[in-house]
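In our numbering, the protein residues as written are 882 to 978.
So this is what it looks like as structure tokens:
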């Protein structure tokens, strides 16, 4: 479940980072993610639930951090020849082009 929260954290970073490109769907997706995570964390606070909230929180933070550093960072590049979408990650991987 921590890995699932890692994917959710990465999706949250993607939606937040590309809000300009994705429009209103990005904000709706972020709200949905936050509500779902809050609900899961509240369920984890119920005595006897045996849900590891720290695993969920760690997964979400780890996924968000990795997505922020090496995940896609799409930018619209404008030129006289037209517009094109380019990826400019904060930390480019040496083997990726």
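We treat Cβ as the ideally placed atom computed from N, Cα and C, and that holds for glycine.
For residue 911: DSSP bridge partner residues: Paired residues: none, contrary to the question.
Any 3 or more C-beta pairs closer than 8 Å across the region 884 to 891 and the region 941 to 955: yes
Separation of residue 970 from residue 918, as counted between CA atoms: 26 Å
Terminal residues of the alpha helix (DSSP H) in which residue 971 lies: Run containing residue 971: none; DSSP gives neither H nor E here.
Given 8 Å, three or more beta-carbon pairs between the region 954 to 965 and the region 909 to 924: no
Three-way DSSP call (helix, strand, coil) for residue 962 in this model: coil
Residues bridged to residue 957 [DSSP beta-bridge criterion]: 966
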